[in-house]
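Here the structure is laid out as structure tokens; the discussion comes afterwards.
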Amino acid sequence: MSTDGNKKQFWKRNTAKVPGSIQHVYGAQHPPFDPLLHANLIKAGNKPQTTPGGKPKKATTFQEFESITSDAWDVGDDDDELLAMAAQNLNIEVVMETANKVIENHSKQQEKQRQDDADASELEDREEEEHEEDVEEQWEEGEESTPEVSFACEPSPLSDGRRVKSLSEAPIGSPKDTSLHRQQSLPHRPTIPMVARIADQNTSGTPAMTEREASRLDKFKQVLAGPNTDLEELRKLSWSGIPRQVRPITWKLLSGYLPANTERRESTLQRKRQEYFGFIEQYYDSRNEEHHQDTYRQIRIDIPRMSPECLMLQPMVTEIFERILFIWAIRHPASGYVQGINDLVTPFFVVYVFEYTKEEVENFDVSSLQEAALRNIEADSFWCMSKLLDGIQDNYTFAQPGIQRKVKALEELVSRIDETVHVHMQQYEVEYLQFAFRWMNNLLMRELPLRCTIRLWDTYQAEPEGFSHFHLYVCAAFLVRWRKEILDQRDFQGLMILLQNLPTMHWGNEEVSVLLAEAYRLKFAFADAPNHYKR
């Protein structure tokens, strides 16, 4: 990166040599308040550039955007130095005041709509009460001629996959619905209950299986029971979701960690697990050495920010994640540790924990497992994460070229499949890199509940180049899924708040299945003809 003569280079100043760069990626629940980053976003949103002719200037190029936010992507220097640099350029009180005004103005724009919704809800409640009184009177008057009157409605499927509850459970305009609407309009994503994050019929929950689910489980067991597992058949079955009971072994097979031959599996597991703990003995003590301490320090900072918190805050889990991430960084000096890699361990770890227990995550103490089970979970998570990253490592090498290419491809694809959405974001100068960088860096893990991520990864592992190639079409389908909400926003701030806090907290298997089906349709149309989505 080049700078002019009056500015000091910020990229690698006072940074010890480490096996790769350490770059910060923040989730929607915990956005950073970096004065440099916020000032640039505010300037971009409130002061659109114009040409001498008075026409709005076209959205900034990627190089200009990169130069504006370069300091925000890599904040690996000392904290004191960063604060001093911010103090020289900005008055923090002015920045805070401006940021608060932006959020306040955006909230006021939606206040009228919320008030109208509240008034409508109150009116509907009154009408419902009157209706119930009328029905009760009819019950009393015609009890003999009308033996039974029911207020419950049969569940009817809606277009979005939800089902209508009975009047007594969810009356129209109930406070619950109003609360959900308000949650979705707030600038910060509400905390997702742990049961909602994890429990799901195909993840960790154990509800009674339907006949269809039992039949699918039997098919999986038949494929897995053979002396040589038919991986092609296993992929076909796995594309639409993997039952929780067989997910651990299926993931290990589809990722290439286990061989298809049944007789070789046990010896392979023993060898790979011993090899991993050999790396621990060889490298882990070097974490406090000068040229590795920055990497280890960043890993320790990032782990407590991860979800689910009930797991990440357990000391034993923290130690396991520290070892996995540090060993991977040491063995991959081309990229080293980059923020975002830490999130990719979680799905493997959660799935392999449930290989040894039937309890829910929010109630489970990992330290209650036997030491041998914990060692197996740790080694298996390391190797499967490594297999995943082998296919997308250019996402995390210097300057992250893989992510830049995918974000550009996403922009071109969306411009072809929904030009209205694309033009709308261009109109308000929203760059795809500003929101889609995280989608590529974290594989949508910050946008979806963990249960949905696990279901998504079932298909990614079944799909050829699922994490590296199919993910692009999932991101395109995911963006267009929020078409109405995007077009409703009429300013830069509103669009960014929406795109960084998409209301997916109540998503489950059904929503993910619809998303994957749309992504497959896009892949079928464009994958073999890339010029179709290029102008």
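Going by full-length UniProt numbering, the sequence shown opens with residue 1, and the numbers climb by one from there.
Cβ coordinates follow ideal geometry from the N, Cα and C atoms, glycine included.
Output the boundary residues of the alpha helix (DSSP H) element that contains residue i.
| i | result |
| --- | --- |
| E511 | 509 to 526 |
| G494 | 492 to 500 |
| Y296 | 290 to 302 |
| G278 | 262 to 283 |
| W457 | 450 to 462 |
| N441 | 432 to 441 |
| W328 | 315 to 331 |
| T229 | Where T229 is concerned, there is no enclosing alpha helix (DSSP H), given that its DSSP letter is neither H nor E. |
| V223 | 211 to 225 |
| T504 | Looking at the DSSP string, T504 is not in any alpha helix (DSSP H), and its letter there is neither H nor E. |
| V421 | 419 to 427 |
| E485 | 483 to 488 |
| E309 | 309 to 312 |
| W251 | 247 to 254 |
Are residue i and residue j touching if we call contact CB-CB under 8 angstroms?
| i | j | result |
| --- | --- | --- |
| I454 | F382 | no |
| M385 | V345 | yes |
| L496 | V421 | Before going on, a small fix: residue 496 reads as Met here, not Leu. No, they are not a contact pair. |
| F467 | Y473 | no |
| L498 | E518 | no |
| L269 | P243 | no |
| A379 | Y356 | no |
| S267 | Q314 | no |
| G391 | E463 | no |
| Q393 | Y337 | no |
| L388 | S255 | yes |
| T397 | L448 | no |
| S238 | T250 | yes |
| L516 | H471 | no |
| residue 580 | F526 | Absent from the model: residue 580. The displayed extent of the chain is 1 to 535, so no value can be given. |
| E211 | V223 | no |
| N376 | R273 | yes |
| I403 | F437 | yes |
| F492 | Y428 | yes |
Here's a check: name, in chain order, each residue in its chain whose Cβ is nearer than 7 angstroms to the Cβ of residue i, leaving out the five neighbours to either side.
| i | result |
| --- | --- |
| Y283 | I327, I330 |
| D302 | Q339, N342 |
| I417 | A476, V480, L522 |
| Y432 | V407, L410, E411 |
| K221 | V246 |
| S335 | G20, Q393, Y396, T397 |
| D458 | S238, G241, I242 |
| M306 | M312, N342, D343, T346 |
Is any beta-carbon of chain B found at less than 8 angstroms from that of residue i?
| i | result |
| --- | --- |
| R271 | Chain labels in this structure do not include chain B; a single protein chain is all it has. |
Buried or exposed: which applies to residue i, given that a residue is buried once 16 or more other Cβ atoms fall within 10 Å of its Cβ?
| i | result |
| --- | --- |
| D528 | exposed |
| A225 | exposed |
| S215 | exposed |
| P347 | buried |
| E411 | buried |
| R451 | buried |
| G508 | buried |
| N501 | buried |
| R483 | exposed |
| R247 | buried |
| R446 | buried |
| R490 | exposed |
| H332 | buried |
| N228 | exposed |
| residue 599 | Residue 599 lies beyond the range of the chain shown here (1 to 535); nothing can be said about it. |
| K252 | buried |
Using C-beta distances below 6 angstroms, list every residue in its chain close to residue i, excluding the 5 sequence neighbours before and after it, in chain order.
| i | result |
| --- | --- |
| L231 | A260 |
| H292 | S286 |
| K58 | Legend: pLDDT at K58 = 49, less than 50; position of this residue unreliable, value from coordinates given subsequently. Correct list: empty, nothing qualifies. |
| S159 | Residue confidence is low: S159 scores 38 on pLDDT, short of 50, so the model does not pin down where it sits. Its coordinate-derived value is still stated next. Nothing meets the Cβ criterion. |
| F524 | none |
| Y520 | none |
If I measure Cβ to Cβ from residue i and keep anything under 8 angstroms in the same chain, skipping five residues before and after, which residues do I get?
| i | result |
| --- | --- |
| P304 | M312, L313, T318 |
| M316 | V366, S367, L374 |
| L487 | T420, V421, H424 |
| I280 | R323, I327 |
| K236 | A462 |
Any heavy atom of the ligand ATP closer than 7 angstroms to the beta-carbon of residue i?
| i | result |
| --- | --- |
| Y257 | Questions concerning the ligand ATP fall outside what the structure shown contains, since it holds no ligand whatsoever. |
Next on the checklist: If we require 4 or more residues per run, which alpha helix (DSSP H) segments fall completely within the stretch 338 to 409?
Outcome noted: Listed in chain order, the complete alpha helix (DSSP H) runs (minimum 4 residues) inside the stretch 338 to 409 are 346 to 353, 371 to 390.
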